[in-house]
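Q: Quick note on numbering: the sequence shown equals residues 4 to 611 in this note's numbering.
Each residue gets a CB set at the ideal place from its N, CA and C atoms; glycine is no exception.
Please read all numbers here as calculations on a predicted model, not as lab measurements.
Below are the structure tokens for one structure; questions will follow.
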Amino acid sequence: MTIVDSSRLYKLNTSINNRLHFRPLDLDIWYPSLKMTGPGLAFGDLFKLFEQRANKYQDKKNYTGITEELALQFAVESGLKPENGKRLLTIATNSYRNSIPLREKKPLILYMAGLNGMSFENYALLENLAQNGYVVVSISSIGQYPGDMTNKKADMMEQVYDAESAIKVLKDQKEIKIDFEKIGVIGCSWGGMSAAVLINRSFKIKALVSLDGTENHTFGESEDDDKNLKEIDNSGLLNEDIKDISYLYLTSDNSPNSTPSDRYSYFEKVQVPKYYLSFTGSRHEDFTCIPFLLKSSRNSIDTYNAVVKSSLLFFNQMLSNKEGFIDYYNELKSSKNIDANPTDVKKLNTITAVLTGTVFDSSGNPLPYVNVGVINNELGTITDERGQFKINLKNGSIDDTLRISMIGYKAQIFEIKDLLNQKAGVTIKLEKDIQQLKEVVVSFKKNKSKILGNKTTSKFLGTPFNNRLGAEIGIKIPIRRQPTFVDAFNFNISYNTLNTKVWFRLNIYDMENGKPSKNILSENILIPIDAKQKGLISTDLKPYDIVLSDDVMISLEWVKNETEPGKGEVLVLSVGLLSGGTYVKPASQGKMKKHSNLGVGFNLNVRH
């Protein structure tokens, strides 16, 4: 169902005749049917709607082709071969267009999609509910113009307003019979926040199912996210005193990337009949149907089957007074792979000390761009032009070890508590590391030029680069010929809203046992990126005489900002289908971990 909400402006400063002047709204509706009409829909038919709406809701970008590319991404992210992405689009559903609805009234379920998502992400759940007697309406996650959803309050509220508009439209239509005294809501991921806010604005909603919803969230990973979430928490939009509703929270057991500094738990605060299930070994994406459809793992299949069955039985009991949910809930609780107790997060990541210091070379000159960080932790930074650094130490880290390293210098390791005991301030000197270079035999045969690595310049698939100083992102590049001479390094920025100039450092690591080891470069190679700069970035490496003989990891490290990046500003690097995946280090001296089966678009121009 396609409508226009003329009570809300969408694109400001446009004429009333502009197609984007008023808020557009597309509703995907599943309902029980008397008779099926026409052929059944494939998953690709539902997914194609995402592409059509991506073009419809804005007038600046062309998203044609994103359906196929995202399908490939889903497959590779699930650890499968790219051809599984094509298979995904052909999977048959049990949904039909424009079928004849049943004549009796049925309860209504509102589905609040996850961040920038829509119905395709959980169609199997929505379809199952309709097959069992519910009218299900999916509310896409579309923010203010140009439609990009964020975790800002204003964008989140657009999804809430869309749900309210949908209810009004459904009340006015006569074809699908709905019992508006029996309404439930499902919130997926960020849609969980929208669902919890919607409940506070509607006294008719009787049941909430949250699929790893963000109405329960932690703080400490991003200052921007923390600010936006706290604005919502403090706005009164979430009613912790709400009554007459039942609540089922289904969640993954994924812990945050860093120890949280604080937490808000809507689940713990509301005093209503509530039920909690955490699925061991599950991922956030397992609460969508994509891994289930791809059969990416036995655990993904089992988790989603439990999500579908528990959601149906929960709504049956809370909206239709049918027995069955409590027995199934108790059955799941008794499983060794499911925890029914919310995670205890009372031990918070509070700052206990501040460590400051200056790093010099052996001649007493301050050293900029030095890596300073707690080993295998996410506490770290980079020295500034004066060689100075500052680290906020948190619970337990005072007993840890600090590592200080820089290209071309010998690394040093210190006990943090010893540094804190220095009364005169921490000063550290690094000595030059005189490396014994491998002998290279140069042949006078004509060299062949080649590009090694991931050549993608995708405008659809991308990964944001963490703007924390010392954060790093890279890929493994196999070296098949010896010697291999490196001429240039290339990467593509698909999206950049930074209003400041920044600098990245290029790193090239030897590989040992499949993991990055020692940086083989002997000097800093800095790559400046201007404010809002996008497109292909190429760096000439011929002056550095880089010669490779074995596999390497090549990475970019965020080392400098001209000014502090603004709130919500982001830089996105193109990613593509590369079997080796992307490796990420969140902070200086942290662990480099495999983050994705999609490879960030880094490549080298070489000769051999």
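Let me make sure I understand the geometry here. Which of S205, D364, K458 has the alpha-carbon closest to that of A414?
A: Within the sequence shown, the letter at position 411 stands for residue 414. Nearest of S205, D364, K458 to A414, Cα basis: D364.
Q: Can you determine whether any heavy atom of the ligand ZN sits closer than 7 Å to the C-beta of D151, and answer yes or no?
A: By its list of ligands, the structure shown contains no ligand whatsoever, and the ligand ZN lies outside what it can speak to.
Q: Compare the C-beta of L433 with all C-beta atoms of chain D and state if any pair is closer than 8 Å.
A: The chain labelled as chain D is not found in the depicted structure, where only one protein chain is given.
Q: Which one of G569, G150, E288 has the shortest CA to CA distance from V310?
A: As a position in the sequence shown, residue 310 is number 307, starting the count at 1. Answer by Cα proximity: E288.
Q: When the Cα atoms are used, what is the spatial distance from S577 to T67?
A: In the sequence shown, residue 577 corresponds to position 574, counting from 1. In the sequence shown, residue 67 corresponds to position 64, counting from 1. Taking the straight line joining both Cα atoms gives about 17 Å.
Q: Counting only the same chain and skipping the five closest in sequence on each side, list residues whose C-beta sits under 8 Å from that of L105.
A: Position 102 of the sequence shown, counting from 1, holds the residue named residue 105. Correct list, in chain order: Y34, P35, S36, L37, K180.
Q: Between the beta-carbon of I103 and the beta-carbon of L132, is there less than 8 Å?
A: Numbered from 1 along the sequence shown, position 100 holds the residue referred to as residue 103. Numbered from 1 along the sequence shown, position 129 holds the residue referred to as residue 132. It is not a contact, given that the beta carbons lie outside the stated cut-off.
Q: Could you say if the stretch 16 to 24 and the stretch 274 to 290 meet the contact criterion of at least three C-beta pairs nearer than 8 Å?
A: Touching, no.
Q: Three or more C-beta pairs under 8 Å: does that hold for the stretch 390 to 410 against the stretch 370 to 377?
A: Segments in contact, yes.
Q: Check the C-beta distance from I235 over to M196 and give it rounded, since I have them as a contact under 8 Å.
A: For the purposes of this step, residue 235 is taken as residue 232 along the sequence shown, with counting starting at 1. For the purposes of this step, residue 196 is taken as residue 193 along the sequence shown, with counting starting at 1. Right, the Cβ-Cβ distance comes to about 7 Å (below 8 Å), so this counts as a contact.
Q: Note down the Cα distance separating E243 from I202, rounded to an integer number of angstroms.
A: Position 240 of the sequence shown holds residue 243. Position 199 of the sequence shown holds residue 202. Each residue's Cα considered, the two are about 11 Å apart.
Q: Could you give the C-beta distance for G411 and S591, rounded to a whole number, given that I count them as a contact under 8 Å?
A: Here residue 411 corresponds to residue number 408 of the sequence shown, with the count starting at 1. Here residue 591 corresponds to residue number 588 of the sequence shown, with the count starting at 1. About 17 Å; that fails the 8 Å criterion.
Q: In chain order, what residues of the same chain have a beta carbon less than 7 Å from the beta carbon of L129, not counting five sequence neighbours either side?
A: On the sequence shown, position 126 is the one that residue 129 refers to. Result list for L129: W33, Y114, S122, V139, S141, in chain order.
Q: Three-state secondary structure (DSSP) at A309?
A: By one-based count along the sequence shown, residue 309 stands at place 306. Looking at A309 - three-state DSSP - the assignment turns out to be helix.
Q: Threshold first: 4 residues or longer. Then list the alpha helix (DSSP H) segments lying entirely within the stretch 265 to 326, N to C.
A: Runs found: 269 to 272, 293 to 297, 301 to 323.
Q: If we ignore side chains and look at the alpha-carbon of each, how far apart do K209 and T5 end up?
A: The count along the sequence shown starts at 1 and reaches residue 209 at position 206. The count along the sequence shown starts at 1 and reaches residue 5 at position 2. Roughly 27 Å separates the two Cα atoms.
Q: Looking at the strands, I want to know which residues DSSP matches up with F494.
A: Here the question's residue 494 lines up with position 491 in the sequence shown. According to DSSP, F494 bridges with I540.
Q: Quick one: grab the DSSP three-state call for Y332.
A: Mapped onto the sequence shown, residue 332 falls at position 329. Y332 falls in the helix class under three-state DSSP.
Q: Between which two residues does the beta strand (DSSP E) carrying Y126 extend?
A: One-based indexing of the sequence shown puts residue 126 at position 123. Element bounds for Y126: not the beta strand (DSSP E) but the alpha helix (DSSP H), 126 to 134.
Q: Can you give the Cα-Cα distance for I480 and T384, rounded to whole angstroms?
A: Reading the sequence shown from its first residue, position 477 is the one you call residue 480. Reading the sequence shown from its first residue, position 381 is the one you call residue 384. Their backbone Cα atoms lie some 27 Å apart in a straight line.
Q: Out of Y547, T355, K312, V79, which has the shortest C-alpha to C-alpha gap to D490?
A: The residue given as residue 490 occupies position 487 in the sequence shown. Checked all of Y547, T355, K312, V79; the closest Cα to D490 is Y547.
Q: Once you ignore the five residues that flank G428 on each side, which residues in its own chain have a CB closer than 8 Å to its CB?
A: If you number the sequence shown from 1, residue 428 lands on position 425. T359, G360, T361, listed in sequence order.
Q: So, do the stretch 54 to 65 and the stretch 88 to 101 have three or more beta carbon pairs nearer to each other than 8 Å?
A: No, because fewer than three Cβ pairs between the stretch 54 to 65 and the stretch 88 to 101 fall closer than 8 Å, the two stretches do not touch.
Q: Take K108 as the anchor and find which of T542, L12, K545, K177 has the nearest alpha-carbon.
A: Within the sequence shown, numbered from 1, the residue matching residue 108 stands at position 105. Nearest of T542, L12, K545, K177 to K108, Cα basis: K177.
Q: May I ask you to report which of helix, strand or coil DSSP gives R26?
A: By one-based count along the sequence shown, residue 26 stands at place 23. Reduced to three states, the DSSP call for R26 is strand.
Q: Check D436 in the structure and name its three-state DSSP category.
A: For this step, residue 436 is matched to residue 433 along the sequence shown. D436 falls in the coil class under three-state DSSP.
Q: From N319 to K325, what distance separates their C-alpha atoms?
A: On the sequence shown, residue 319 is found 316 positions in, with the first residue counted as 1. On the sequence shown, residue 325 is found 322 positions in, with the first residue counted as 1. Going from the Cα of N319 to the Cα of K325 covers about 5 Å.
Q: Across which residues does DSSP place P531 in a beta bridge pair?
A: Taking the first residue of the sequence shown as position 1, residue 531 is located at position 528. P531 is bridged to W506.
Q: Around the Cβ of Q425, are there at least 16 other Cβ atoms within 10 angstroms (buried) or fewer (exposed)?
A: Taking the sequence shown and counting its residues from 1, the one referred to as residue 425 is at position 422. By the neighbour-count rule (16 or more Cβ atoms within 10 Å), Q425 is not buried but exposed.
Q: Which of the three DSSP states, helix, strand or coil, is assigned to V79?
A: Position 76 of the sequence shown, counting from 1, holds the residue named residue 79. Three-state result, V79: helix.
Q: Please identify the residue among P589, S552, L315, G538 whose C-alpha is closest to the C-alpha of F605.
A: One-based indexing of the sequence shown puts residue 605 at position 602. For the residues P589, S552, L315, G538, the minimum Cα distance to F605 belongs to G538.
Q: Which residue from L396, F206, I511, L92 puts its Cα closest to that of D553?
A: Counted from its first residue, the sequence shown places residue 553 at position 550. For the residues L396, F206, I511, L92, the minimum Cα distance to D553 belongs to I511.
Q: Quick one: complete alpha helix (DSSP H) runs, 4+ long, within the stretch 149 to 181?
A: Those alpha helix (DSSP H) runs which fall completely within the stretch 149 to 181 and span 4+ residues are 156 to 175.
Q: Rounding to the nearest angstrom, what Cα-Cα distance links D8 and I478 in this structure?
A: Mapped onto the sequence shown, residue 8 falls at position 5. Mapped onto the sequence shown, residue 478 falls at position 475. Whole-angstrom Cα-Cα distance: 46 Å.
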